[in-house]
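Asker:
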Amino acid sequence: MSKSNSKTELVIKEEQGFEQAMIGAVGNTAFMQLSNNDRVIAAQKFGGVREDTGEVEISFYGMCAYRITSPKGITMVIDPWRNAPGFGGYWFLIDFPETTCDIGLSTHAHGDHDALHRLDAGMLLDRMGGVFQLGDVKITGILDKHMCEPQNDLYTSKMMMELFGKKTCPPNEHMEWDNTMFLIEVGGLRILHWGDNRQNPPEDVWEMMKDIDIALLPVSDDGHILTPRWGKRIAEKLNAKVIIPNHYYIEGLNLQNAGWELPAFQFTRMMDHTFLDTHTISLSPEKIKDYKQHVMYFGEHTLTQIFKWQPPTYEAENVPLPEPVKAWERFKPKNGDKY
Amino acid sequence: MGKTSKHPSPVMGSTKNAHRQPKHIDPMPRFVQIGDVAYCQNKNNTRIIAAHYYGGLREDIGEVTITYYGMSAIKITTPKGLELFFDPWKNPCDPSWGGIWYKMRMPMTHCDIGFVTHSHFDHNAYEMLDASMLFRSLAGVYNFADVKVTGFADKHIVETQSPVYTKEVLDTLYPFPNVDKEDVDNTIYLIETGGLRIVHWGDNRQNPPQDIWDKLTDIDIVILPVSDDGRMLTPEWADKIAAKMNAKIIIPTHYFINGINIEGAGWGKTAEEYTKSHDNTILDTATISLNPDKVKEYNNHVMYFGNNVDFDFVGIDLPENGKIAEIPEVKPVWELHK
Numbered sequence: 001m002s003k004s005n006s007k008t009e010l011v012i013k014e015e016q017g018f019e020q021a022m023i024g025a026v027g028n029t030a031f032m033q034l035s036n037n038d039r040v041i042a043a044q045k046f047g048g049v050r051e052d053t054g055e056v057e058i059s060f061y062g063m064c065a066y067r068i069t070s071p072k073g074i075t076m077v078i079d080p081w082r083n084a085p086g087f088g089g090y091w092f093l094i095d096f097p098e099t100t101c102d103i104g105l106s107t108h109a110h111g112d113h114d115a116l117h118r119l120d121a122g123m124l125l126d127r128m129g130g131v132f133q134l135g136d137v138k139i140t141g142i143l144d145k146h147m148c149e150p151q152n153d154l155y156t157s158k159m160m161m162e163l164f165g166k167k168t169c170p171p172n173e174h175m176e177w178d179n180t181m182f183l184i185e186v187g188g189l190r191i192l193h194w195g196d197n198r199q200n201p202p203e204d205v206w207e208m209m210k211d212i213d214i215a216l217l218p219v220s221d222d223g224h225i226l227t228p229r230w231g232k233r234i235a236e237k238l239n240a241k242v243i244i245p246n247h248y249y250i251e252g253l254n255l256q257n258a259g260w261e262l263p264a265f266q267f268t269r270m271m272d273h274t275f276l277d278t279h280t281i282s283l284s285p286e287k288i289k290d291y292k293q294h295v296m297y298f299g300e301h302t303l304t305q306i307f308k309w310q311p312p313t314y315e316a317e318n319v320p321l322p323e324p325v326k327a328w329e330r331f332k333p334k335n336g337d338k339y
Numbered sequence: 340m341g342k343t344s345k346h347p348s349p350v351m352g353s354t355k356n357a358h359r360q361p362k363h364i365d366p367m368p369r370f371v372q373i374g375d376v377a378y379c380q381n382k383n384n385t386r387i388i389a390a391h392y393y394g395g396l397r398e399d400i401g402e403v404t405i406t407y408y409g410m411s412a413i414k415i416t417t418p419k420g421l422e423l424f425f426d427p428w429k430n431p432c433d434p435s436w437g438g439i440w441y442k443m444r445m446p447m448t449h450c451d452i453g454f455v456t457h458s459h460f461d462h463n464a465y466e467m468l469d470a471s472m473l474f475r476s477l478a479g480v481y482n483f484a485d486v487k488v489t490g491f492a493d494k495h496i497v498e499t500q501s502p503v504y505t506k507e508v509l510d511t512l513y514p515f516p517n518v519d520k521e522d523v524d525n526t527i528y529l530i531e532t533g534g535l536r537i538v539h540w541g542d543n544r545q546n547p548p549q550d551i552w553d554k555l556t557d558i559d560i561v562i563l564p565v566s567d568d569g570r571m572l573t574p575e576w577a578d579k580i581a582a583k584m585n586a587k588i589i590i591p592t593h594y595f596i597n598g599i600n601i602e603g604a605g606w607g608k609t610a611e612e613y614t615k616s617h618d619n620t621i622l623d624t625a626t627i628s629l630n631p632d633k634v635k636e637y638n639n640h641v642m643y644f645g646n647n648v649d650f651d652f653v654g655i656d657l658p659e660n661g662k663i664a665e666i667p668e669v670k671p672v673w674e675l676h677k
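These protein sequence lines are chains A and B, in that order. Per the working numbering, the first sequence starts with residue 1, numbered consecutively. Per the working numbering, the second sequence starts with residue 340, numbered consecutively.
1) Could you check how far apart the C-beta atoms of isoleucine 214 of chain A and leucine 183 of chain A are, in whole angstroms? I think they sit under 8 Å.
2) What three-state label does DSSP hand asparagine 318 of chain A in the structure shown?
3) Going along the stretch 554 to 577 of chain B in order, which residues come within less than 9 Å of chain A, judged by CB to CB distance?
4) Tell me which residues share the same chain as aspartate 95 of chain A and place their Cβ nearer than 8 Å to its Cβ, disregarding the 5 neighbours each side in the sequence.
5) Kindly confirm or deny that the stretch 214 to 230 of chain A and the stretch 251 to 258 of chain A touch, where touching means at least three C-beta pairs closer than 8 Å.
6) Glutamine 549 of chain B CB to nearest chain A CB: under 7 Å?
7) At a CB-CB cut-off below 9 Å, which residues of chain B make contact with aspartate 126 of chain A?
8) Determine the burial state of glycine 111 of chain A: buried for a count of at least 16 other Cβ atoms within 10 Å of its Cβ, exposed for fewer.
9) Can you give me the Cβ contacts of serine 284 of chain A inside the same chain, cut-off strictly under 8 Å, excluding the 5 residues immediately before and after it?
10) Please work out which residues of its chain come closer than 8 Å, Cβ to Cβ, to leucine 622 of chain B, disregarding the five sequence neighbours upstream and downstream, and give them in chain order.
11) What would DSSP say about isoleucine 142 of chain A, mapped onto helix, strand or coil?
12) Three or more beta-carbon pairs under 8 Å between the stretch 164 to 184 of chain A and the stretch 146 to 154 of chain A, yes or no?
13) Using the beta-carbon of each residue, which ones in chain A are nearer than 7 Å to isoleucine 387 of chain B?
14) Span of the beta strand (DSSP E) holding serine 157 of chain A?
15) Go through its chain and collect everything with a Cβ distance to phenylalanine 275 of chain A's Cβ below 6 Å, but skip five positions before and after it.
16) Mapping DSSP to helix, strand and coil, what is aspartate 542 of chain B?
17) In chain A, which residues lie less than 9 Å from glutamine 380 of chain B when you measure between Cβ atoms?
18) Whose Cβ in chain B lies nearer than 8 Å to the Cβ of isoleucine 41 of chain A?
19) Measuring alpha carbon to alpha carbon, tell me which residue in A/Met32, A/Lys138, A/Glu323 is nearest glycine 48 of chain A.
20) Quick check on phenylalanine 92 of chain A - is its C-beta less than 7 Å from some C-beta in chain B?
21) What separation, rounded to the nearest whole angstrom, lies between the Cα atoms of glycine 374 of chain B and leucine 116 of chain A?
22) Are the C-beta of histidine 391 of chain B and some C-beta of chain A separated by less than 7 Å?
23) Going residue by residue through the stretch 87 to 150 of chain A, where are the continuous beta strand (DSSP E) segments of at least 3 residues, counting only ones entirely within it?
24) Which term fits tyrosine 90 of chain A, buried or exposed, when burial requires 16 or more other beta carbons within 10 angstroms of its beta carbon?
25) Return no unless some Cβ of chain A is closer than 7 Å to the Cβ of serine 458 of chain B.
26) Along the alpha helix (DSSP H) that carries aspartate 632 of chain B, what are the first and last residues, could you check?
27) Whose Cβ in chain B lies nearer than 8 Å to the Cβ of serine 106 of chain A?
28) Which full runs of the beta strand (DSSP E) of 3+ residues lie inside the stretch 52 to 86 of chain A, going along the chain?
29) Determine which residues of the stretch 524 to 544 of chain B have a Cβ less than 9 Å from any Cβ of chain A, and write them out in chain order.
30) Mind listing, in chain order, the continuous beta strand (DSSP E) runs of no fewer than 3 residues lying wholly within the stretch 569 to 632 of chain B?
31) Please decide whether isoleucine 23 of chain A counts as near chain B, where near means a Cβ-Cβ distance under 7 Å.
32) Who are the near neighbours of histidine 279 of chain A in its chain, counting only those whose CB is closer than 6 Å to its CB and skipping five residues on each side?
33) How about aspartate 114 of chain A and asparagine 383 of chain B: do their beta carbons lie closer than 7 Å?
34) Relative to the C-alpha of threonine 29 of chain A, which residue among B/Asn463, B/Arg570, B/Glu612 is closest?
35) Could you say which of B/Ser476, B/Phe483, B/Ala478 lies nearest to threonine 140 of chain A if we only look at CA atoms?
36) Could you list which residues in chain B have their beta carbon closer than 8 Å to that of lysine 45 of chain A, in chain order?
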């Protein structure tokens, strides 16, 4: 803003790393953001930021994180992840990429869903219940509770309570064991992001989630959140045309044995399916109208760059060694060998 | 007021004691906590689920309650009991970005929905809210229970046109790292509940574009950051804005409060002169209850909370509390090992 702007900015940037490490920004970190709200202003003025393309774009970041782009260009990122600062140990080998979007959403307050500070977002809607509208996007937040009994062999509710040291099942559970499902109505599609919701929400919650086109469900073969059996049952109840599994193990992104170790291959094979070979798909009502509980599996294809371990090729043998320079010789006494 | 009390640490959520007692995991507190801290919250979403099912949390009392929390922090309680909190404040996480403004922390406060107009530290302390949902810069239309909130994305004030706080002075005082970025954005909230149209101005510029003015017509209550020294809005600009909105009631915020704000840190004046130069009510509580019936007679009437906020000040006035303590006696502990 000021004349000496560039100079001040430089000085502060130099100090930033140190100060951040020392203090840390609790809560809102948007004052450090690089983008501003110009796109949001445009969306509220013109109802969008580009001409209607007629297609909704869904990109996968790993875990439960998706970017959904509306036909008129409004971008939403749902459930960015981080290694939880409080408890849970290390789940991720890499940081969630710093991502620019218009709307940032988080379903619940667990580390694998709440890294809103990694978003360079026009607005953040944290655990939103109720109805929100901007441009060609309508988001309904459906309030319910987190999964606490997944009904698999490993992750029982008893084990979870032991690990977290607190009550995980309602009533009187804490905020992090609540969950909001997002029903996103965009471009003629009804997309449901399940978050980590329990399998049996009450009947009037089901009423709100009828005739879903695309269900983003946290299904993995080991059933950390939804077992394949529950995934199928829920998809049928939602009458979902397309199911996109998430919350499964991805090599290079998730730490092994940190919370789960299996992808969702078996679940995908169990259903009518497509194995995708890209991290981004474009869908429209026309494209999916004939599907019925069809699984579209992103697998390891994520927008997040994953660095897998590669075996060495041993090319270094032929690299010439540097000369052993005797740098100390400039201090050599002029007379004799010793001072 | 004036009574001292201790508030729990903001870092680990809303309790004095950590509620997690992991048995097998390192129980050390973390030094760096970035971002969302809701995983530490002790309460759950039962209240908002109820509001969602029943359209509210109690029988309609026919009045909207407005409570002041210092700075621009306002809690609005809808007739059916849903609590919305706007713009909680804190000192910056890095003092080189604006200096220390407050003598105390805003206490951890319960609400159902937390709103932030923009990301300056005097508006964005949403980790101090024990909230079920948090919205930063919500632009668009939001409906829940008996409230409708419309957010208008616009820009922060840059030139206050006050004699002291010119653009140049502010730029020198507050060299935020990325000026002209997210930092200078702001969202105006229009809250419609209980038959009232309430505007929370945030720190918006005085001249938003016409399409925003078109939607801010016939406002009942406007919450404006106006003080006598014009730190955000000068009294002249506040008049113009209130007149343009045809506001019935003006609630000044963002002024100096003795006990919260540090003298000379950002401003030194209250909004008393501004209030007294208008048709006014000087309130002696931190809470008022209003409904369309009560406000219909008013026109640009100022309701001034003054120093009344809904929590106790934490006194650090040394001369007042100062009783010189004894130096503890030197115990010859070494004699144990004689």
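Virtual Cβ for every residue (Gly too), placed ideally from N, Cα, C.
Answerer: Quick look at the numbers:
1) In the first sequence, counting from the first residue as 1, residue 214 of chain A sits at position 214. In the first sequence, counting from the first residue as 1, residue 183 of chain A sits at position 183. About 11 Å; that fails the 8 Å criterion.
2) Start at 1 with the first residue of the first sequence, and residue 318 of chain A comes out as number 318. Note: asparagine 318 of chain A maps to helix in three-state DSSP.
3) none
4) Your numbering for residue 95 of chain A matches position 95 in the first sequence. Excluding residues within five positions, the ones whose Cβ falls inside 8 Å are Arg82, Arg118.
5) no
6) What you label residue 549 of chain B is simply residue 210 of the second sequence in a count that begins at 1. Chain A contact via Cβ: absent.
7) Here residue 126 of chain A is taken as the residue at index 126 of the first sequence, counted from 1. Near aspartate 126 of chain A (Cβ distances below 9 Å), the residues of chain B are Asp375, Ala377, Gly453, Tyr465, Ala470, Met472, Leu473, Phe474, Arg475.
8) Locating residue 111 of chain A in the first sequence gives position 111, where the first residue counts as 1. Under this definition glycine 111 of chain A is a buried residue.
9) Looking up residue 284 of chain A in the first sequence gives position 284. Excluding positions up to five away in sequence, the list reads Gly54, Glu55, Val56, Gly187, Gly188, Leu189.
10) As a working mapping, residue 622 of chain B is identified with position 283 in the second sequence. So the list reads Met642, Tyr643, Phe644, Gly645, Asn647, once near-sequence residues are dropped.
11) For the purposes of this step, residue 142 of chain A is taken as the residue at position 142 of the first sequence. Here isoleucine 142 of chain A sits in strand by DSSP.
12) yes
13) Counting from 1 along the second sequence, the entry for residue 387 of chain B is found at position 48. Residues of chain A passing the Cβ test: Gly129, Leu143.
14) Mapped onto the first sequence, residue 157 of chain A falls at position 157. Serine 157 of chain A -> not in any beta strand (DSSP E); alpha helix (DSSP H) instead, spanning 157 to 164.
15) In the first sequence, the residue the question calls residue 275 of chain A occupies position 275. The answer, listed in chain order, is Tyr297.
16) Residue 542 of chain B sits at position 203 when you count from the first residue of the second sequence. In the structure shown, aspartate 542 of chain B sits in coil (DSSP, three-state: anything other than H, G, I, E or B).
17) In the second sequence, counting from the first residue as 1, residue 380 of chain B sits at position 41. In chain order: Ala109, His174, Met175, Glu176.
18) Sequence index remark: in the first sequence, residue 41 of chain A carries index 41 (1-based). Result: Ala478, Ala492, Asp493.
19) Along the first sequence, read from residue 1 onward, the residue named residue 48 of chain A stands at position 48. Nearest C-alpha to glycine 48 of chain A: A/Lys138.
20) Translated into the one-based positions of the first sequence, residue 92 of chain A becomes position 92. It does not; no Cβ of chain B falls within 7 Å.
21) As a first step, residue 374 of chain B must be located in the second sequence, where it is residue number 35. As a first step, residue 116 of chain A must be located in the first sequence, where it is residue number 116. Taking the straight line from one Cα to the other gives about 7 Å.
22) Against the second sequence, residue 391 of chain B aligns to sequence position 52. Answer yes: the Cβ-Cβ gap between histidine 391 of chain B and chain A drops below 7 Å somewhere.
23) 99 to 106, 119 to 126, 130 to 134, 137 to 145
24) Taking the first sequence and counting its residues from 1, the one referred to as residue 90 of chain A is at position 90. When all chains shown are included, tyrosine 90 of chain A counts as exposed.
25) Taking the first residue of the second sequence as 1, we reach residue 458 of chain B at position 119. Chain A contact via Cβ: present.
26) Taking the second sequence and counting its residues from 1, the one referred to as residue 632 of chain B is at position 293. 631 to 634 is the extent of the alpha helix (DSSP H) around aspartate 632 of chain B.
27) By 1-based counting over the first sequence, the position of residue 106 of chain A is 106. Correct list: Asp375.
28) 56 to 62, 65 to 69, 75 to 78
29) Asp524, Asn525, Thr526
30) 588 to 591, 619 to 621, 626 to 629
31) Against the first sequence, residue 23 of chain A aligns to sequence position 23. Any answer about isoleucine 23 of chain A is weak, because its pLDDT of 39 lies below 50 and its placement is not dependable; what the coordinates show is given next. Cβ-Cβ to chain B under 7 Å: yes for isoleucine 23 of chain A.
32) For the purposes of this step, residue 279 of chain A is identified with residue 279 of the first sequence, where counting begins at 1. Only Ser59, Phe60, His301, Thr302, Leu303 meet the Cβ criterion.
33) Counted from its first residue, the first sequence places residue 114 of chain A at position 114. Counted from its first residue, the second sequence places residue 383 of chain B at position 44. Taking 7 Å as the Cβ cut-off, aspartate 114 of chain A and asparagine 383 of chain B do not qualify as a contacting pair.
34) Within the first sequence, residue 29 of chain A is the residue found at index 29, counting from 1. Residue B/Asn463 is the option with its Cα nearest to threonine 29 of chain A.
35) By one-based count along the first sequence, residue 140 of chain A stands at place 140. It is B/Phe483 whose Cα lies nearest to the Cα of threonine 140 of chain A.
36) Start at 1 with the first residue of the first sequence, and residue 45 of chain A comes out as number 45. Those are Asp550, listed as they occur along chain B.
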